[in-house]
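**Student:** Going by my numbering, 92 is the number at position 104 of the sequence shown; the sequence numbering is gapless. All C-beta atoms in this analysis are idealised placements derived from N, C-alpha and C, irrespective of residue type, glycine included. Here the structure is a predicted model, which is why all the values come from computation and not from measurement.
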Amino acid sequence: MNEEELMEKKSSAVPALVLGIIGLIIAMVGGCLFGIIGGIAGAVLGLLAIILGARAKKVTDGTKGTPGIVFGAISMVVAILCMVVFFSFPATLQKAAEEKGLPTVAKYAGNFKFGVLGMAISVDPADLDAMQKEVEKLN
């Protein structure tokens, strides 16, 4: 085996691991902050980690690539969970706010699809006081 073949064998195992770890971090943090957008990014990186990890396992006869596959799979699961939560949560929150008579909360609840930052950016400053008063009524 020449040096070029050896480098090719090693080349995809480390990137698979790195992409898997980054995908997991983005799925968790990005999924919460950016909702569906962060979840998609985490899932894509997880999928790339799985592909590179599988390639590394094939080239190295199964000795390398497993951590990349594992982290990639975990990041995809976390990303999918974040996407499901941030896709279903806004509708549930909006329905509950309407039932409780909280029109301002209901008005902005749908923006949680884009995570906490999406919600924060979309809220009109004039509505913040009204939203705070509505939430205080619940206590």
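1) So for K88, helix, strand or coil by DSSP?
2) Judging by CA-CA distance, which residue of V73, I25, G30, L5 is the nearest neighbour of A15?
3) Could you tell me which of M71, A118, S0, I39 sits nearest to L21, measuring between CA atoms?
4) Among P3, T92, E86, M107, which has the Cα closest to the Cα of R43?
5) Using the C-alpha atoms, what's the distance from F74 back to L6?
6) Go to D49, then tell me how far its alpha helix (DSSP H) extends in each direction, as first and last residue.
7) Does DSSP classify D117 as helix, strand or coil?
8) Looking only at its chain, what residues have a beta carbon closer than 7 Å to the beta carbon of S110, apart from the 5 residues adjacent to it on each side?
9) So what does DSSP say about G23, is it helix, strand or coil?
**Tutor:** Taking the definition as stated:
1) In this structure, K88 counts as coil in the three-state DSSP scheme.
2) Of the candidates V73, I25, G30, L5, the one whose C-alpha sits nearest the C-alpha of A15 is G30.
3) When each option's Cα is compared against that of L21, the closest is M71.
4) Of the candidates P3, T92, E86, M107, the one whose C-alpha sits nearest the C-alpha of R43 is P3.
5) Before going on, a small fix: residue 6 reads as Val here, not Leu. Distance between the alpha carbons of V6 and F74: 26 Å.
6) In the DSSP assignment, D49 falls outside any alpha helix (DSSP H), carrying neither H nor E.
7) Three-state result, D117: helix.
8) Setting aside the 5 residues that flank it on each side, S110 is surrounded in the same chain by Y96, N99, each with a C-beta closer than 7 Å to its C-beta; the list follows chain order.
9) In the three-state reduction of the DSSP assignment, G23 falls in the coil class.
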